[in-house]
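2 protein chains.
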Amino acid sequence: MFHFPRNRSKRSDMSQKPTIRHALSTTRAGDFAAWYQEVISEAQMAEESGVRGCMVIRPWGYGIWERIQTLMDARIKAAGVENCYFPLFIPLSYFAKEAAHVDGFAKEMAVVTHHRLIADGKGGLVPDPEAKLEEPLIVRPTSETVIGAAMARWVQSWRDLPMLTNQWANVVRWEMRTRMFLRTSEFLWQEGHTAHADRDDAMAETLRALEMYRGFAEEVLAMPVIAGEKPENERFPGAQATYSIEAMMQDGKALQAGTSHYLGTGFAEASGIQYQSREGVQEFAHTTSWGVSTRLIGGVIMVHGDDDGLRVPPAIAPQQVVILPMLREDDGDAALLAYCEDLRRALAAQHALGEPVRVLLDKRPGKATQKRWAWVKKGVPLVLEIGGRDAAGGQVSVLRRDRLWRDDGKVAFAAQSRDEFLGVASAEIENIQRALHAEAMARRDAAIVPMDDWAAVAAYFTGSEDAVKGWASVAWSRPEGAALDAVVEKLKALKLTIRNTPLDGAAVSGACIFTGAPAVERIYLARSY
Amino acid sequence: MFHFPRNRSKRSDMSQKPTIRHALSTTRAGDFAAWYQEVISEAQMAEESGVRGCMVIRPWGYGIWERIQTLMDARIKAAGVENCYFPLFIPLSYFAKEAAHVDGFAKEMAVVTHHRLIADGKGGLVPDPEAKLEEPLIVRPTSETVIGAAMARWVQSWRDLPMLTNQWANVVRWEMRTRMFLRTSEFLWQEGHTAHADRDDAMAETLRALEMYRGFAEEVLAMPVIAGEKPENERFPGAQATYSIEAMMQDGKALQAGTSHYLGTGFAEASGIQYQSREGVQEFAHTTSWGVSTRLIGGVIMVHGDDDGLRVPPAIAPQQVVILPMLREDDGDAALLAYCEDLRRALAAQHALGEPVRVLLDKRPGKATQKRWAWVKKGVPLVLEIGGRDAAGGQVSVLRRDRLWRDDGKVAFAAQSRDEFLGVASAEIENIQRALHAEAMARRDAAIVPMDDWAAVAAYFTGSEDAVKGWASVAWSRPEGAALDAVVEKLKALKLTIRNTPLDGAAVSGACIFTGAPAVERIYLARSY
Numbered sequence: 000m001f002h003f004p005r006n007r008s009k010r011s012d013m014s015q016k017p018t019i020r021h022a023l024s025t026t027r028a029g030d031f032a033a034w035y036q037e038v039i040s041e042a043q044m045a046e047e048s049g050v051r052g053c054m055v056i057r058p059w060g061y062g063i064w065e066r067i068q069t070l071m072d073a074r075i076k077a078a079g080v081e082n083c084y085f086p087l088f089i090p091l092s093y094f095a096k097e098a099a100h101v102d103g104f105a106k107e108m109a110v111v112t113h114h115r116l117i118a119d120g121k122g123g124l125v126p127d128p129e130a131k132l133e134e135p136l137i138v139r140p141t142s143e144t145v146i147g148a149a150m151a152r153w154v155q156s157w158r159d160l161p162m163l164t165n166q167w168a169n170v171v172r173w174e175m176r177t178r179m180f181l182r183t184s185e186f187l188w189q190e191g192h193t194a195h196a197d198r199d200d201a202m203a204e205t206l207r208a209l210e211m212y213r214g215f216a217e218e219v220l221a222m223p224v225i226a227g228e229k230p231e232n233e234r235f236p237g238a239q240a241t242y243s244i245e246a247m248m249q250d251g252k253a254l255q256a257g258t259s260h261y262l263g264t265g266f267a268e269a270s271g272i273q274y275q276s277r278e279g280v281q282e283f284a285h286t287t288s289w290g291v292s293t294r295l296i297g298g299v300i301m302v303h304g305d306d307d308g309l310r311v312p313p314a315i316a317p318q319q320v321v322i323l324p325m326l327r328e329d330d331g332d333a334a335l336l337a338y339c340e341d342l343r344r345a346l347a348a349q350h351a352l353g354e355p356v357r358v359l360l361d362k363r364p365g366k367a368t369q370k371r372w373a374w375v376k377k378g379v380p381l382v383l384e385i386g387g388r389d390a391a392g393g394q395v396s397v398l399r400r401d402r403l404w405r406d407d408g409k410v411a412f413a414a415q416s417r418d419e420f421l422g423v424a425s426a427e428i429e430n431i432q433r434a435l436h437a438e439a440m441a442r443r444d445a446a447i448v449p450m451d452d453w454a455a456v457a458a459y460f461t462g463s464e465d466a467v468k469g470w471a472s473v474a475w476s477r478p479e480g481a482a483l484d485a486v487v488e489k490l491k492a493l494k495l496t497i498r499n500t501p502l503d504g505a506a507v508s509g510a511c512i513f514t515g516a517p518a519v520e521r522i523y524l525a526r527s528y
Numbered sequence: 000m001f002h003f004p005r006n007r008s009k010r011s012d013m014s015q016k017p018t019i020r021h022a023l024s025t026t027r028a029g030d031f032a033a034w035y036q037e038v039i040s041e042a043q044m045a046e047e048s049g050v051r052g053c054m055v056i057r058p059w060g061y062g063i064w065e066r067i068q069t070l071m072d073a074r075i076k077a078a079g080v081e082n083c084y085f086p087l088f089i090p091l092s093y094f095a096k097e098a099a100h101v102d103g104f105a106k107e108m109a110v111v112t113h114h115r116l117i118a119d120g121k122g123g124l125v126p127d128p129e130a131k132l133e134e135p136l137i138v139r140p141t142s143e144t145v146i147g148a149a150m151a152r153w154v155q156s157w158r159d160l161p162m163l164t165n166q167w168a169n170v171v172r173w174e175m176r177t178r179m180f181l182r183t184s185e186f187l188w189q190e191g192h193t194a195h196a197d198r199d200d201a202m203a204e205t206l207r208a209l210e211m212y213r214g215f216a217e218e219v220l221a222m223p224v225i226a227g228e229k230p231e232n233e234r235f236p237g238a239q240a241t242y243s244i245e246a247m248m249q250d251g252k253a254l255q256a257g258t259s260h261y262l263g264t265g266f267a268e269a270s271g272i273q274y275q276s277r278e279g280v281q282e283f284a285h286t287t288s289w290g291v292s293t294r295l296i297g298g299v300i301m302v303h304g305d306d307d308g309l310r311v312p313p314a315i316a317p318q319q320v321v322i323l324p325m326l327r328e329d330d331g332d333a334a335l336l337a338y339c340e341d342l343r344r345a346l347a348a349q350h351a352l353g354e355p356v357r358v359l360l361d362k363r364p365g366k367a368t369q370k371r372w373a374w375v376k377k378g379v380p381l382v383l384e385i386g387g388r389d390a391a392g393g394q395v396s397v398l399r400r401d402r403l404w405r406d407d408g409k410v411a412f413a414a415q416s417r418d419e420f421l422g423v424a425s426a427e428i429e430n431i432q433r434a435l436h437a438e439a440m441a442r443r444d445a446a447i448v449p450m451d452d453w454a455a456v457a458a459y460f461t462g463s464e465d466a467v468k469g470w471a472s473v474a475w476s477r478p479e480g481a482a483l484d485a486v487v488e489k490l491k492a493l494k495l496t497i498r499n500t501p502l503d504g505a506a507v508s509g510a511c512i513f514t515g516a517p518a519v520e521r522i523y524l525a526r527s528y
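Chains as they are written, first to last, in numbering that gives the first Met the number 0: chain P, 0 to 528; chain L, 0 to 528.
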């Protein structure tokens with residue numbers, strides 16, 4: 000269990016620690032939800048669009064998404080998966096099929112019923128009654144059905160399998176309560192859909208995608224996750240098995256950050272994905288699907304952000320280094336800018352994390368300190384402030400975003416010679432990537448608490464509201480049906496859910512904390528987004 | 000004027016030329032429209048989706064789009080433009096504003112009226128009458144209005160200008176007659192939207208985007224284009240000036256392949272994009288917008304395709320080289336595959352056109368000749384066929400897609416030593432890029448015909464249907480209003496439109512072919528897509 004460093008953000012601090020004036024007006028400890036919104040707003044990542052539940056993703060937020068896309072896409076392609084594009088609209092009848100087939104069929108979707116507007120005679124526009132669609136179209140909430148129909152055309156023989164496809168797209172789910180990046184009516188994602196000859200091959204793909212997500216979260220997002228299987232009640236409707244990666248946010252809640260599903264032959268039967276086997280027999284394919292979305296950005300904020308704003312892991316930072324010349328609007332500016340441009344070029348020629356360093360020389364008008372704090376709030380990993388004297392003396396003043404404050408409460412700029420800095424810049428960028436991961440990992444591990452019985456769970460989650468509630472690690476007997484329903488109800492009373500059963504979980508002994516029957520595995524219990 | 004090489008595709012040819020059996024069943028000369036569809040189908044680029052007017056873009060087609068995106072995006076970013084993402088849905092009221100403001104307002108759009116489905120009691124689903132939206136939402140046909148609203152929030156002072164934004168997105172326009180890639184209800188595009196302090200700066204951006212498109216078309220797509228200004232009647236609704244790049248397809252028709260608009264202050268006034276000038280005065284911004292779409296892929300097909308399928312310029316080819324091992328399903332296959340893999344690795348380590356060579360070793364089961372023709376139809380620039388003897392002798396058998404046939408009518412494979420080929424492979428890839436451009440340029444230039452009077456225009460376009468009709472280059476006096484309407488009507492009778500006034504047009508003398516008044520510039524007249 001841990002606490003946020005509440006005191007550091009108070010100005011009239013009675014302790015030994017110096018007073019720090021943080022860049023945000025809210026703190027994680029004070030109001031985590033408000034803090035989250037403030038980070039998004041102050042880092043200029045996204046904003047409300049005026050369209051219910053839809054956001055405008057601004058350049059810094061979209062730049063992070065582009066980095067995620069680029070690096071995830073490389074991993075997807077490396078696995079032999081090919082990108083396609085499927086229609087935004089899905090005929091209503093496709094869902095009727097699925098509704099019959101799938102129990103948990105979600106019905107909150109955007110329905111297109113007309114294809115023309117006409118003037119209403121009062122200066123406004125209305126849907127033209129003459130242009131009513133014969134069959135309504137649904138804005139895709141996911142593309143299972145339309146991709147299934149395509150695969151049914153493409154798959155004929157065992158030679159066509161495995162068929163590995165992926166799509167980067169926008170999807171829409173009509174959400175009543177929305178929160179930027181975490182739950183929006185429209186969001187951006189990738190959805191992998193694959194078809195295989197048999198269960199083994201499909202299950203291997205399901206787990207390959209899960210491992211791809213796990214590696215991506217840890218290595219690229221610097222976000223520690225637990226990869227594991229969701230309990231039966233949390234399965235994707237129609238799936239035989241659902242796996243997830245689960246990350247812990249700084250308020251202790253879990254975020255499901257990616258899922259991978261083994262769908263058995265159910266979807267193939269509904270869509271008609273059949274193939275002729277080597278033996279000449281018609282068989283249904285086994286299918287999988289897996290996806291991650293712009294939700295990952297919400298996770299990055301809540302894992303790495305601090306009371307001064309976002310901290311972006313260098314691997315996904317649109318800019319890894321920002322150079323801020325302290326312009327004075329006088330004759331000295333030309334020499335200062337030349338020095339900064341030279342520095343920019345030298346950095347851009349270096350490589351960090353396997354790619355050229357992304358560096359921006361910010362020449363926009365404005366006060367240097369204002370610009371500094373804007374970049375701090377955006378979480379750029381390294382800020383270089385360069386004044387006229389630095390330029391004359393061949394110096395740079397370096398600020399690491401992940402170590403913003405000195406012990407004496409001052410901003411931790413460090414003066415270095417230009418050449419010395421250039422010698423370590425790449426390594427420093429890589430250090431920040433590692434440091435953010437290590438910090439998140441230590442915090443998460445400290446907040447995963449093994450518990451031996453239900454009383455301990457109840458005590459932990461009903462304890463002081465001040466303390467961050469992490470995850471309970473408990474042993475259970477993997478009950479099913481009505482027994483599982485009873486567990487879910489019991490958890491609900493404490494606002495808890497079962498997150499997953501870790502794939503690399505150690506063997507268990509003892510009794511299930513719910514049923515008393517012999518335990519078969521450990522699971523994580525947590526509050527969640 | 001030119002003719003397609005009709006005879007070469009006929010089997011019982013009476014001329015000296017040998018008989019060639021082309022890979023497609025239709026020819027450009029025989030039925031250009033059917034040929035176009037066959038290329039798309041046989042190259043597995045796209046197919047009908049079952050959703051009216053929407054296509055499924057298959058991996059080869061989508062791979063080409065990804066290449067276009069990657070290279071265009073680099074040019075957009077290099078110009079300092081930042082990517083954002085705006086909502087798919089736009090409230091109806093935004094269009095009411097625009098409808099009042101813009102004359103040519105298009106009303107064919109997808110209208111979302113409900114947000115839930117319910118069972119109809121007969122095993123089907125219907126939009127839930129209880130879930131009718133208070134205000135219908137429109138699926139974006141373009142994002143002018145919603146981006147304008149955002150810019151109105153973001154732009155406050157002259158310091159915020161220019162504001163340069165771009166979006167990669169799907170958009171929907173309800174089209175009655177659709178044709179894959181050229182005109183589909185849903186398509187993919189980028190839309191640049193920028194705001195500037197004054198007319199000069201906005202006009203400079205409009206022309207910068209146009210020049211970016213021109214350079215991209217020529218250098219990346221190997222597609223010669225004319226950059227110029229559209230006549231008044233072809234302006235984007237609400238624009239003060241519209242510019243385009245126009246490409247000539249092999250049937251002589253023009254394809255508008257990209258547009259850039261200077262919008263004056265009209266959109267800023269409608270959206271409220273105002274800024275405080277250096278002098279402290281509130282001013283409306285001058286805005287621009289510019290876009291290209293998946294339509295470019297249709298252009299690439301119709302400029303470079305031949306009677307054997309697509310030919311993809313190497314810069315946008317998802318694979319530039321495909322290695323086809325002639326597997327025999329015996330003990331020799333292992334050595335053959337090892338040789339091919341070694342070759343693949345050696346090629347992948349090379350660079351062409353400034354990037355690592357994209358090379359695929361196609362190990363899928365199937366007959367080598369079938370696979371060869373599949374790749375020919377897809378238009379991969381270089382095909383290498385490797386048999387057991389080639390592997391043993393250190394040889395490769397190379398086929399350039401742009402020079403498929405020998406004079407004797409055989410497929411033009413050339414045997415080379417492996418090392419010799421590796422020494423020239425990059426250069427050969429770059430040669431193909433240049434050769435495709437030169438071929439297209441020569442064909443286009445031969446089909447642009449200067450004409451001195453209307454009689455010549457009428458004779459040209461009413462002549463033999465056998466001959467490909469190119470473009471007429473004529474001088475005119477740039478009539479406006481009713482005089483322009485009369486010109487447009489006259490052209491319409493010959494199915495002609497004014498394409499544009501080239502930016503680099505030479506000075507003209509003489510009389511306008513329409514009005515007899517002194518000519519001020521030359522324009523192109525053509526049939527078009």
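All residues carry an ideal CB built from backbone N, CA and C; glycine is no exception.
Every value quoted in this text rests on a predicted model; they were computed, and no experiment measured them.
Per-residue DSSP class, three states only, for K377(L)
helix
Straight-line Cα distance separating G353(L) from I428(L):
11 Å
Measure the CB-CB distance between H114(P) and W188(L) and report whether it falls below 7 Å.
no
Got a sec: is the Cβ-Cβ distance from C339(P) to anything in chain L below 7 Å?
no
For the beta strand (DSSP E) that contains A474(L), what are its first and last residues?
470-475
Which residues in chain L have a C-beta closer than 8 Å to the C-beta of Y274(P)? List them in chain order.
Neighbours of Y274(P) on chain L: none; closest Cβ ~14 Å, over 8 Å.
If distances are taken between C-alpha atoms only, which option among P236(P), R521(P), M301(P) comes closest to L181(P)?
Considering only alpha carbons, the answer is M301(P).
For K9(L), which residues in the same chain have their Cβ closer than 6 Å to its Cβ, ignoring the five residues on either side in sequence?
Its pLDDT being 44, under 50, K9(L) is placed unreliably in this model, and the coordinates cannot settle the point.
W534(L): contacting residues in chain P (beta-carbon distance under 9 Å)
In this structure chain L extends from 0 to 528, so residue 534(L) is not present and cannot be described.
M222(L): which of V38(L), Q249(L), Y274(L) sits nearest, CA to CA?
Q249(L)
Based on Cα-Cα distance, which residue from R343(L), A201(L), R66(L), I244(L) lies nearest to R213(L)?
It is I244(L) whose Cα lies nearest to the Cα of R213(L).
Counted within 10 angstroms of its Cβ, other Cβ atoms place G120(L) as buried (16 or more) or exposed:
The residue in question, G120(L), is exposed, as its Cβ has fewer than 16 Cβ neighbours within 10 Å.
Could you tell me which residues DSSP pairs with Q281(L) in its beta bridges?
DSSP lists Q275(L) as partners of Q281(L).
Beta carbon proximity, A149(P) to chain L, threshold 7 Å:
yes
Sub-7 Å separation of K252(L) and G308(L) beta-carbons:
no
What whole-angstrom Cβ distance do I322(L) and V358(L) have, given they're in contact under 8 Å?
7 Å
For A203(P), tell me which candidate among T177(P), E233(P), T183(P), A240(P) has the shortest Cα-Cα distance.
A240(P)
Which same chain residues, not among the five before or five after M0(P), have their C-beta less than 6 Å away from its C-beta?
With a pLDDT of only 44 at M0(P), under the threshold of 50, the placement of this residue in the model should not be trusted; the figure read from the coordinates follows. Same-chain partners within the cutoff: A466.
Output, in chain order, the set of chain L residues within a Cβ distance shorter than 8 Å of R139(P).
Residues of chain L passing the Cβ test: none, with the nearest at roughly 10 Å.
Between K491(P), S156(P), S142(P), which has its C-alpha nearest G279(P)'s C-alpha?
Residue S156(P) is the option with its Cα nearest to G279(P).
Return the chain-ordered ranges of every alpha helix (DSSP H) run that is complete within the segment 287-327 of chain L and spans a minimum of 4 residues.
294-303
Span of the alpha helix (DSSP H) around V145(P):
Boundaries of the alpha helix (DSSP H) harbouring V145(P): 143-153, taken from the DSSP string.
Is there a C-beta anywhere in chain L that falls below 7 Å from the one on K121(P)?
no
Can you give me the C-alpha to C-alpha distance between F513(P) and V38(P), rounded to a whole angstrom?
C-alpha separation (whole angstroms): 40 Å.
Step through the CB atoms of chain P and report whether any lies within less than 7 Å of the CB of A267(L).
Not an interface residue.
Give me the residue from T144(P), R388(P), L346(P) with the minimum Cα distance to S288(P).
T144(P)
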